[in-house]
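Asker: Please find one structure pasted underneath; my questions will follow.
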Amino acid sequence: MHCRTLLAMLFLTSLSFFSNANTEKETDKAVQKIESPLYKPLVERYILDELKQLRQDQQATRAELIEKVVNAKLESSDRAIRYTADTTNTIFYIITAAASILVLLGWKSIRDIKESMEASTTRRIEKLTAKYEDRLNQLEDTIKERSNQIVEAQKVISESNMVHSLWMRAGLEKSDQEKLNIYDQILEINPHDVEALTYKADLLLDMNDDAWALSLVNQAIELDSNYALAYWQRACAKSKLAQSQEALEDIRTALTLSSTLKEELDRESYFSGLRKEPAFIALQQA
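Under this note's numbering, think of the first position of the sequence shown as 2, with each following residue one higher.
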């Protein structure tokens, strides 16, 4: 009886062991089937969250700025009104005192004093009003100018953050067409982005659109004549278009502006047609 019980327990233990082993093998196979990277959606989600937070911060800053401008205008108006009222009261007190003295001394009638003082008070109030209107206008112009500067600065910061996010996306993107779309978005924000023009030209060379690539690097060089990589990309385009002498001249200019590019001479595939040129060999040995 004890032997049967022992055999039954051993049988159940073996059965459980094989079942666990099969489950682990199936799990390993399922994990190995995962091919696509899981981090890409997380990166895109992070970028979208950053852009959303940036827009919210910009709206909050604009609302706070408008509130401060309104409060400043109200405070200035209140001070002007209080000052005018205090001045008017003081003048009338003086009028009353002066009228009493003059009546007692018999110099002028109360009516003459009243008319004279009213005219004087009116002129004084008009001068004060004009003075404070000028001050308020100057203050308003200053506030508007400062507000425009702040809004412009916020716009520049927003565009810089947007461009930075697009460059991050371009670095992660594998598709040439998607990269091209990202470079176009960067150039929509800043048409004078020399780096974006040059990288787009490099991508177009890989897509065999040599004429367009050459046009873009010419535009980049017009914007920044000291950007070495633009000359390098133009040399690649001219080399593909069999313009050897012009390509060698651009290579020489690029190396003058950035000596680190010399390490890329042997690795650049677009220079394969120039490697037997004496001028190219001289650049390698320089």
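Backbone N, C-alpha and C fix where the C-beta goes; we use that ideal spot for every residue, glycine too. This structure is a prediction, so every number in the text was calculated from the model and none was measured.
Please state whether DSSP places H165 in a helix, a strand or coil.
Answerer: In the sequence shown, counting from the first residue as 1, residue 165 sits at position 164. Of the three classes helix, strand and coil, the one that applies to H165 here is helix, per DSSP.
Asker: Determine the direct distance from the alpha carbon of R125 to that of E134, and round the result to whole angstroms.
Answerer: Sequence index remark: in the sequence shown, residue 134 carries index 133 (1-based). Sequence index remark: in the sequence shown, residue 125 carries index 124 (1-based). Distance between the alpha carbons of E134 and R125 is about 14 Å.
Asker: I need the DSSP call for N209, collapsed to helix, strand or coil.
Answerer: Position 208 of the sequence shown, counted from the first residue, corresponds to residue 209. DSSP places N209 in coil when its eight states are reduced to three.
Asker: Would you decide whether L56 is buried or exposed? Buried here means 16 or more other CB atoms lie within 10 Å of its CB.
Answerer: For this step, residue 56 is matched to residue 55 along the sequence shown. A small fix is needed here, since residue 56 is Arg in this sequence, not Leu. When all chains shown are included, R56 counts as exposed.
Asker: Taking only the alpha-carbon atoms, compute the straight-line gap between S161 and E196 and give it to the nearest angstrom.
Answerer: Residue 161 sits at position 160 when you count from the first residue of the sequence shown. Residue 196 sits at position 195 when you count from the first residue of the sequence shown. Near 14 Å, if we compare the C-alpha coordinates of E196 and S161.
Asker: At what residues does the alpha helix (DSSP H) containing K241 begin and finish?
Answerer: As a working note, residue 241 is residue 240 in the sequence shown. Run containing K241: 229-241, per the alpha helix (DSSP H) assignment.
Asker: How far does the alpha helix (DSSP H) with K263 in it reach, from first residue to last?
Answerer: Position 262 of the sequence shown, counting from 1, holds the residue named residue 263. Premise fails: K263 is in no alpha helix (DSSP H) and is neither H nor E.
Asker: Given this structure, state the Cα-to-Cα distance separating I222 from K132, to the nearest angstrom.
Answerer: Position 221 of the sequence shown, counted from the start, is the residue given in the question as residue 222. Position 131 of the sequence shown, counted from the start, is the residue given in the question as residue 132. So the alpha carbons of these two residues sit roughly 55 Å apart.
Asker: Can you tell me whether S64 is buried or exposed, with buried defined as 16 or more other CB within 10 angstroms of its CB?
Answerer: Your numbering for residue 64 matches position 63 in the sequence shown. Residue identity differs from the one stated: residue 64 is Ala in this sequence, not Ser. Exposed, since its Cβ has fewer than 16 Cβ neighbours within 10 Å.
Asker: If distances are taken between C-alpha atoms only, which option among C237, Y232, S226 comes closest to D207?
Answerer: Along the sequence shown, read from residue 1 onward, the residue named residue 207 stands at position 206. Nearest C-alpha to D207: C237.
Asker: If you draw a straight line from the alpha carbon of K180 to that of E174, how long is it in whole angstroms?
Answerer: Indexing the sequence shown from 1 puts residue 180 at position 179. Indexing the sequence shown from 1 puts residue 174 at position 173. C-alpha separation (whole angstroms): 6 Å.
Asker: Measure from the alpha carbon of Y271 to the alpha carbon of each residue in P279, N227, N219, L204, then state which is nearest.
Answerer: One-based indexing of the sequence shown puts residue 271 at position 270. When each option's Cα is compared against that of Y271, the closest is L204.
Asker: Which class does Q244 belong to by DSSP, given the choice of helix, strand or coil?
Answerer: For the purposes of this step, residue 244 is identified with residue 243 of the sequence shown, where counting begins at 1. Three-state DSSP puts Q244 in coil, outside helix and strand.
Asker: Have a look at L242 and D211 and give me their C-alpha separation to the nearest angstrom.
Answerer: Locating residue 242 in the sequence shown gives position 241, where the first residue counts as 1. Locating residue 211 in the sequence shown gives position 210, where the first residue counts as 1. Computed Cα separation, rounded: 7 Å.
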